[in-house]
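For reference, the structure is listed below as structure tokens.
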């Protein structure tokens, strides 16, 4: 059986001993390409795709920052790991602002470096595949517009993640290290949310965008009961079968995203949650009401401290900082932002026993008619 081809990696350093050491340590897992100068690295990147680059910061020909700037022009998704023997806060900030994946001080632990490179490779190919799927599904959007969107989001976010990780290693104060670790964790959470939004938007995009807004409660119930939903959930509908099967229009994909994030925020896989649903209507508007409850949501209230801070973006019950608001991090805050964007009313309270309940009120239009497509 043929062995899988080794993934390429580019090592850029003007010290021969460093290049040879890194090549020896990585050659069993990767196809290692060496460059002695920044200009050599740029030419190599123009002729070959390198998912990961190990780049020395201080080189005589072209320094690491200038080289990084040119490499980012060639491939904005490339993961560049900065290696330096001369620690500098200023250069670290500049590197992560340019989109460096990580910043390490030499000599670095080889096992840790291998793990970092492995994660960088995995993220590179995941982002490449996701970008391609999204681009295919958004053919009406010009490629350059989408590239700018991804670049403008990912560059500062990767910088925040990389620099906060660097700070967590370098800061002396335990409280400051904890804050830096919290920033890094929140950045990674935000990146995962962005990735999930891209996945939702790119999956099964219909030719007619209006199709994506048509659904019945039975469609929603079927999705909640499927393996796509992140936890087990009991569903109860207060209404007739005709009402449950009635096709309406509304923000279905965003609703699914919100329900998924709520389900992932506590420990629902262990305890489970339940969802109660009903419709209300008047002359002007029809509303689908969803109420989520159950033991699986208990950790949300325990972590946030009160219903008033459930939607706070401060993750931090572990951060024992005076005056800081406790909250759940970015998941529930993102749920509220998505809800506001799509016209969904999202709130929470507690029942008579003190157990958390989350409420969603989703405006839905009149029942769908084939005439809507004319």
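Numbering (the UniProt record's numbering), first residue to last: 1 to 374. Each residue gets a CB set at the ideal place from its N, CA and C atoms; glycine is no exception.
Residue 311 carries a coil assignment under DSSP once its states are collapsed to helix, strand and coil. Counting every other CB atom within 10 Å of its CB across the protein chains shown gives residue 172 a total below 16, marking it as exposed. Within a 10 Å sphere around the beta-carbon of residue 304 sit 16 or more other beta-carbons, which makes this residue buried. The region 217-225 makes contact with the region 235-250: 3 or more CB pairs, one atom from each, lie closer than 8 angstroms. The shortest CA-to-CA distance from residue 22 to any of 56, 50, 5, 43 is the one to 56. Its chain contains 98 as the residues whose beta carbon lies nearer than 8 angstroms to that of residue 69, once the 5 sequence neighbours on both sides are disregarded; these appear in chain order. By the C-beta density criterion, residue 288 is buried, having at least 16 other C-beta atoms within 10 angstroms.
For secondary structure counted as the beta strand (DSSP E) over 3 or more consecutive residues, the region 37-116 holds these complete runs in sequence order: 52-56, 79-84, 102-105. Fully enclosed alpha helix (DSSP H) runs of no fewer than 4 residues occupy 217-224, 241-245 of the region 216-258, in order along the chain. Counting C-beta atoms within 10 angstroms of its own C-beta, residue 260 has 16 or more neighbours from the protein chains shown and is therefore classed as buried.
Counted as a single uninterrupted DSSP element, the stretch harbouring residue 298 is not any beta strand (DSSP E) but the alpha helix (DSSP H) occupying residues 298-304. Cβ-Cβ distances below 6 angstroms link residue 36 to 14 in the same chain, with the five nearest sequence neighbours on each side left out; the list follows chain order. Exclusion of the five residues before and after residue 338 leaves 254, 257, 258 as the residues of its chain whose Cβ lies within less than 7 angstroms of its Cβ. Taken through DSSP and simplified to helix, strand or coil, residue 262 comes out as helix. Sixteen is the threshold: since fewer than 16 other Cβ atoms of the shown chains lie within 10 Å of the Cβ of residue 112, the residue is exposed. The beta carbon of residue 263 lies closer than 6 angstroms to those of 230, 231 in the same chain, with the five residues before and after it left out. In the structure shown, residue 284 adopts coil according to DSSP, grouped into three states. Sixteen is the threshold: when 16 or more other Cβ atoms of the shown chains lie within 10 Å of the Cβ of residue 83, as they do, the residue is buried. For residue 33, the uninterrupted beta strand (DSSP E) segment begins and ends at 30-35.
Counting the other Cβ atoms within 10 Å of the Cβ of residue 103 gives 16 or more, which makes it buried. Shown here, residue 349 sits in a strand according to DSSP, grouped into three states. In this structure, residue 62 sits away from residue 45, with a CB-CB distance that is not shorter than 8 angstroms. Residue environment: residue 281 is assigned as exposed (fewer than 16 neighbouring CB atoms within 10 Å of its CB, all protein chains considered). Shortest Cα-Cα distance from residue 53 to any of 123, 9, 26 involves 9. A distance below 6 angstroms between beta-carbons, with the five flanking residues on each side excluded, links residue 233 to the following residues of its chain, in chain order: 224, 273, 275. According to the DSSP assignment, residue 17 belongs to the alpha helix (DSSP H) that extends over 16-26. In this structure, DSSP gives residue 277 an extended state, which the three-state scheme calls strand.
Annotated as proximal: residue 286 and residue 364, with beta-carbon spacing under 8 angstroms. In chain order, 261, 265 place their CB closer than 6 angstroms to the CB of residue 331, counting only its own chain and leaving out the 5 sequence neighbours on each side. About 13 angstroms separates the beta carbons of residue 300 and residue 346, which is beyond the 8 angstroms limit, so they are not a contact pair. Remark: C-beta atoms of residue 32 and residue 26 approach each other more closely than 8 angstroms.
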